[in-house]
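Number 191 in numbering that gives the first Met the number 0 belongs to position 192 of the sequence shown; there are no gaps in the numbering. Structure first, commentary second.
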Amino acid sequence: MNRPAILVIEDDPAVRRGIVDVLEYAGYQTLEAVDGHSGMEAALKANYRLLLLDLVMPGPSGFDILGALKKKRPGQAVIILSARGEENDRVRGLVGGADDYVVKPFSMKELLARVDAVLRRTCERAAPADERDIPGGTADFKARVLTFKDGRREDLSKKEAQLLRYLIGACGRVVSRDEILRQLWNLDPARVETRTLDMHIMHLRTKLGDKDQRTLVTVRGKGYQFLAGGGR
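Put into structure tokens, the structure is as follows:
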């Protein structure tokens, strides 16, 4: 199984190449952006799980990109890579939504350790286990079936299983509509209008027996959240 995709936004070609080579050797898929302009577009539209972000580069700065992500892709995992190690910059980056801040120069061994730690913390490193607990029962993603303690069983379509698995794997994080459409349907929300996600959410709620929307919660203006305790 391939590891998650990582987007690297870094204007220094030697540094960028070194990072990409190490990540790919470690088994990660990679995407690259060479400046703030291409970086901003990729950060908001590309399919990836973790962003490695330089701060100072032509075009929008890393802080600009971080700010845009906070609005458009809240919860996106980010590690800042910067030669600017001053406390104010580190605090600004972490408060702005970054998960970690690595000061240049750094060893590639350290970088891989930081990548691994952030992906584990954000529950985005790999797909969840084939079986996960849900309120009142169990979800078997391999068999694509929900089994409840009262004996009820509900079959899942392939996309319903993928959607439920993704939401459970977010570990309580609110996942935006845009993120889901990019990651699971490979659609650009800015260019495509679709109600397919709403229909899948509705079907999942019916199969989960979640008529009060206490497990699969709509967070108005932000997205969806799976609550393992059924909102209790």
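All C-beta atoms in this analysis are idealised placements derived from N, C-alpha and C, irrespective of residue type, glycine included.
Buried versus exposed, by CB contacts within 10 Å (16 or more), residue 206: One-based indexing of the sequence shown puts residue 206 at position 207. It is buried - the Cβ of residue 206 has at least 16 other Cβ atoms within 10 Å.
Rounded separation between residue 108 and residue 13 - CA only: Numbered from its first residue, the sequence shown carries residue 108 at position 109. Numbered from its first residue, the sequence shown carries residue 13 at position 14. Taking the straight line from one Cα to the other gives about 17 angstroms.
Length of the line joining the Cα atoms of residue 96 and residue 139: By 1-based counting over the sequence shown, the position of residue 96 is 97. By 1-based counting over the sequence shown, the position of residue 139 is 140. In a straight line, the C-alpha of residue 96 is about 33 angstroms away from that of residue 139.
Exposure of residue 244, with buried meaning 16 or more beta-carbon neighbours within 10 Å: Given a span of 0 to 231 for the chain in the structure shown, any question on residue 244 remains unanswerable.
Residue 114, DSSP secondary structure in three states: Along the sequence shown, one-based indexing puts residue 114 at 115. Residue state, collapsed to three classes: helix.
Top-ranked residue by Cα proximity to residue 218, from 73, 135 and 148: To locate residue 218, count along the sequence shown from 1; it is residue 219. Nearest Cα to residue 218 within the set 73, 135 and 148: 73.
Touch test, the region 134-151 against the region 96-105, Cβ-Cβ under 8 angstroms, three pairs minimum: Taking a contact to require three or more Cβ pairs closer than 8 angstroms, the region 134-151 and the region 96-105 do not qualify as touching.
Sufficient close CB pairs (3 or more, under 8 angstroms) joining the region 58-76 to the region 34-50: Under the Cβ criterion (8 angstroms, minimum of three pairs), the region 58-76 counts as touching the region 34-50.
Under the three-state DSSP convention, the category residue 27 falls into: Here residue 27 refers to the residue found at position 28 when the sequence shown is read from its first residue. Under the three-state reduction of DSSP output, residue 27 falls in the coil class, being neither helix nor strand.
Residue span of the beta strand (DSSP E) that contains residue 177, given as start and end: By one-based count along the sequence shown, residue 177 stands at place 178. Membership of residue 177 in any beta strand (DSSP E) is not indicated; the residue belongs instead to the alpha helix (DSSP H) covering 176-184.
Under 8 angstroms between C-beta atoms of residue 57 and residue 88: Residue 57 sits at position 58 when you count from the first residue of the sequence shown. Residue 88 sits at position 89 when you count from the first residue of the sequence shown. No, the pair does not count as a contact, with Cβ atoms beyond the cut-off.
Where the alpha helix (DSSP H) containing residue 303 begins and where it ends: The structure shown does not extend to residue 303, since the chain spans only 0 to 231, so no value can be given for it.
Close-in-space but distant-in-sequence residues of the same chain around residue 203 (CB under 7 angstroms, 5 per side omitted): As a position in the sequence shown, residue 203 is number 204, starting the count at 1. Close CB contacts of residue 203 within its chain, under the 7 angstroms cut and outside five residues either way in sequence, are with 159, 162, 163 and 215 (chain order).
Cβ pair residue 47, residue 6 closer than 8 angstroms: Within the sequence shown, numbered from 1, the residue matching residue 47 stands at position 48. Within the sequence shown, numbered from 1, the residue matching residue 6 stands at position 7. Yes, the pair counts as a contact, with Cβ atoms nearer than the cut-off.
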